[in-house]
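Residue numbers (UniProt numbering): 1 to 163.
As structure tokens, this is what we get:
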């Protein structure tokens, strides 16, 4: 379950996207569809949300989003490069105006050298531009996943409303 504040952020993001006539697709790994779930919990989200790719396995990242196997092997599934390509793949395959992605280690296991539990790479893509963000969130699996959803929403807002 997501905090009410995150659902409020989802509502605000949907309103922003709708006001700009934009649609959105998600490509999720460590959140397992939680970003799409937060957005689609809001009535009227079907006017904005077009696709939700849950690519938990490396094979799904390759098959559904077109991530080259060599990229996954070279950088690891939890990397800036893969997060960027996930967002770009979702954008290309969905035809949406904006796509978001996340890949990370929610825990409690899965840590490796240089990649601790809580590490998440996120990206947002629009035609011609992709931005990525790396965060290490504290807390348990639920906290890491919830923080990722909120941070992805902030990443999209940051791209669409530059200062």
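Ideal Cβ placement from N, Cα and C applies to all residues, glycine included. What you are looking at is a predicted structure, and each value in this text was computed from that prediction instead of being measured.
Along the alpha helix (DSSP H) that carries residue i, what are the first and last residues, could you check?
i	result
residue 153	141-160
residue 11	4-19
If distances are taken between C-alpha atoms only, which option among the options comes closest to residue i?
i	options	result
residue 36	161, 163, 152 and 158	152
residue 84	1, 28 and 8	28
residue 81	23, 102, 93 and 91	102
residue 127	90, 12 and 134	90
residue 40	7, 31, 71 and 32	7
residue 3	155, 114, 130 and 38	38
residue 45	15, 74 and 58	15
residue 32	161, 159, 150 and 145	145
residue 53	66, 42 and 43	66
residue 130	19, 9 and 160	160
residue 156	99, 138 and 18	99
What are the partner residues of residue i, as DSSP defines its beta bridges?
i	result
residue 122	102 and 133
residue 22	None, per the DSSP bridge assignment.
residue 112	115
Quick check on DSSP: helix, strand or coil for residue i?
i	result
residue 163	coil
residue 96	coil
Please specify which runs of the alpha helix (DSSP H), each continuous and at least 4 residues long, are wholly inside the region 24-89, giving them in chain order. 34-40, 58-65 and 69-75
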